[in-house]
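2 protein chains.
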Amino acid sequence: MSAGLSEMIQSAGPRYRTATEYVEATLREAILSGAIAPGTPLRQEELAASFKVSRMPIREALRQLEAQALVDFEPHRGAVVVQITLLDAMDNYAIRAALEPQALRLSIPNLTDEDFEIAEDLLAEIDQEQDPGRMGELNRRFHMTLYAQAGLPRLIALTEQHLATADRYLRFHLAAVGDMGQDEHRAILAASRVRDEASAIEALAHHHNRASEAMKAYFATRSAAVP
Amino acid sequence: MSAGLSEMIQSAGPRYRTATEYVEATLREAILSGAIAPGTPLRQEELAASFKVSRMPIREALRQLEAQALVDFEPHRGAVVVQITLLDAMDNYAIRAALEPQALRLSIPNLTDEDFEIAEDLLAEIDQEQDPGRMGELNRRFHMTLYAQAGLPRLIALTEQHLATADRYLRFHLAAVGDMGQDEHRAILAASRVRDEASAIEALAHHHNRASEAMKAYFATRSAAVP
DNA sequence: TGCCTGTCGATTGGATCCAATCTAACAATC
DNA sequence: GATTGTTAGATTGGATCCAATCGACAGGCA
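Line by line, the protein sequences are chains A and B. Residue numbering for the first sequence follows the working numbering, starting at 386 and increasing by one per position. Residue numbering for the second sequence follows the working numbering, starting at 386 and increasing by one per position.
Laid out in structure tokens, this is it:
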């Protein structure tokens with residue numbers, strides 16, 4: 386969370402096959418984590434210098450981020466990191482509230498004891514974690530562990546993408562909801578363990594609803610645009 | 386459906402702001418409609434000649450299509466139109482079965498009499514249409530008319546994108562299901578008219594289930610890879 | 001003063017150029 | 001005859017170069 390773009394570039398290492406892949410992944414991480422603030426114009430020349438590549442891979446990466454709705458392109462004015470608004474957060478909640486129950490429903494019959502143990506461990510880790518950024522990551526992994534056996538790669542990838550996007554609202558989520566919803570996490574896990582799809586989905590829906598309502602209320606009291 | 390890529394390029398006209406936008410939209414249309422067959426390697430030089438631009442806008446467009454899961458990139462081997470498989474079709478059905486009820490639920494309270502009339506007209510048009518490609522387009526517009534008032538732009542855009550992707554399976558859908566499900570369409574519309582969310586969603590779920598099951602059965606009898 | 005207009009620097013969109021890598025054909029070896 | 005090593009051509013990934021557009025600012029005009 387505290388790392389700026391340059392640190393993220395440093396630590397990226399050579400684990401990518403092409404410069405475009407590398408730039409895309411690093412920029413996405415930087416935007417999702419907040420290392421690059423919403424509204425920031427992304428100057429191609431500047432990024433090229435930071436990444437030590439030419440403008441071309443930067444441009445290809447920005448196009449991919451555009452398709453993921455993380456940056457906005459305006460002809461001849463370039464790319465800008467999309468703003469965080471209440472509407473966007475609600476939009477994201479609505480999409481996740483649609484996708485995640487579907488993924489969970491399809492995954493539950495195929496989950497193994499090992500999956501449940503991993504999920505359990507992740508919950509324990511979340512309990513002891515203080516850093517918000519790391520909590521977001523653990524939260525994502527917990528949810529994805531339960532969805533991973535759905536057997537439909539696109540559905541899983543799409544769900545993960547929108548869970549990752551939620552990291553952008555994490556700061557506001559924590560301010561509004563107060564916690565990561567560990568009780569609800571445990572309810573979801575317990576119902577999944579006994580293959581009780583209906584209860585698991587209900588618990589998940591409750592999880593989403595509480596977060597979404599809390600966020601709406603939080604913004605209602607502020608009425609301000611998000612910084 | 387019968388138009389090849391070159392005709393689609395001709396008829397595109399100058400309604401785009403940049404070459405990249407133009408290439409991206411035209412290529413997507415060509416892939417979704419089947420004008421470019423699955424598995425086709427997309428040679429950058431060749432496309433550049435067809436579109437009468439350089440390779441650069443082609444590459445940016447291909448990157449966007451990659452983010453939409455319409456083409457596959459392999460380093461130094463280029464982009465290939467992704468194959469159509471039963472798994473992909475099931476994946477797409479599962480995603481739509483998650484997103485569309487959510488969109489419909491949020492939209493129903495805001496639908497106007499005008500919306501219902503438009504939807505009605507579209508159904509009448511579908512009844513008289515013979516061309517599969519055009520039927521796909523009308524079907525998409527019918528569904529999107531009902532979802533358009535959901536008030537969440539991302540959810541709407543994502544739903545539309547996956548409805549459009551379904552055009553790739555249209556040929557197999559028609560072979561498997563036999564029709565566009567007009568009875569179900571009418572049930573969805575009727576329930577939406579009287580703001581009966583539960584019934585509308587149930588009718589929509591039935592619509593998806595029937596299609597999905599029919600497609601699965603269809604492929605089971607063939608057991609072959611999709612051409 | 002306030003508004004319009006024209007110029008200039010910054011920045012992007014697109015074209016061209018070069019280097020890295022892959023494919024395929026062919027030769028050499030077992 | 002099959003397999004492996006080698007090499008040429010095709011094709012992509014990335015760098016560099018040029019032209020088109022935008023924004024800001026200065027100056028003219030009502």
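Think of the CB as a built atom: it goes at the ideal place given N, C-alpha and C, for glycine as much as any other residue.
Let's test the definition: count the other Cβ atoms within 10 Å of the Cβ of residue i and tell me whether it reaches 16, buried, or not, exposed.
i	result
Ala561/B	buried
Gly424/A	exposed
Thr550/A	buried
Ala434/A	exposed
Ala422/B	exposed
Asp476/A	buried
Ser492/B	buried
Gln487/A	buried
Gly566/A	buried
Asn524/A	buried
Ala605/B	exposed
Asp552/A	buried
Val579/A	exposed
Glu430/B	exposed
Ala482/B	buried
Ala638/B	Given a span of 386 to 612 for chain B in the structure shown, any question on residue 638/B remains unanswerable.
Counting only beta-carbon separations shorter than 8 Å, does residue i have a partner in chain A?
i	result
Met475/B	yes
Ala482/B	yes
Arg580/B	no
Glu545/B	no
Thr403/B	yes
Pro460/B	yes
Leu531/B	no
Ala551/B	no
Ala605/B	no
Gln468/B	no
Gln453/B	yes
In the DSSP assignment, what residue or residues form a beta bridge with residue i?
i	result
Leu427/A	Ala464/A
Val456/B	Val466/B
I want to see whether chain B comes within less than 8 Å of residue i, judged by CB atoms only; does it?
i	result
Ala590/A	no
Thr411/A	no
Gln429/A	no
Arg444/A	yes
Ala585/A	no
Leu432/A	no
Gln449/A	yes
Pro426/A	no
Arg539/A	yes
Gln487/A	yes
Tyr559/A	The sequence as given places Leu at residue 559/A; Tyr does not occur at that position. No, because no Cβ of chain B sits closer than 8 Å to the Cβ of Leu559/A.
Ala415/A	no
Leu491/A	yes
Ala479/A	yes
What number of angstroms, rounded off, separates the C-alpha of residue i from the C-alpha of residue j?
i	j	result
Ala583/B	Val438/A	54 Å
Leu555/A	Met520/A	9 Å
Ile394/B	Arg607/B	35 Å
Ala404/A	Phe557/B	39 Å
Tyr532/A	Ile541/A	7 Å
Glu392/B	Arg448/B	23 Å
Leu432/B	Leu537/A	32 Å
Ser597/B	Ala588/B	14 Å
Pro426/B	Asp473/B	19 Å
Ile503/B	Tyr401/B	27 Å
Glu406/B	Leu471/B	31 Å
Ile469/B	Asp581/A	33 Å
Gln534/B	His592/A	25 Å
Asp568/A	Arg595/A	12 Å
Gln526/A	Pro517/A	According to the sequence as given, residue 526/A is Arg; it is not Gln. Their backbone Cα atoms lie some 14 Å apart in a straight line.
Leu450/A	Glu485/A	22 Å
Arg440/B	Arg490/A	44 Å
Ala585/B	Asp500/B	15 Å
Return yes when the C-beta of residue i is under 7 Å from any heavy atom of the ligand FAD, and no when it is not.
i	result
Gly536/B	No copy of the ligand FAD occurs in the structure displayed, which carries no ligand at all.
Exercise. Is there contact here, the segment 496–503 of chain A with the segment 451–462 of chain A, by at least three beta-carbon pairs under 8 Å?
Worked result: no
For this session: Would you check if the segment 404–419 of chain A and the segment 441–455 of chain A touch, i.e. whether three or more CB-CB distances between them fall below 8 Å?
Result: yes
Exercise. Three or more beta-carbon pairs under 8 Å between the segment 538–553 of chain B and the segment 469–484 of chain B, yes or no?
Worked result: yes
Problem set entry | Three CB pairs or more closer than 8 Å across the segment 500–508 of chain B and the segment 569–577 of chain B | yes
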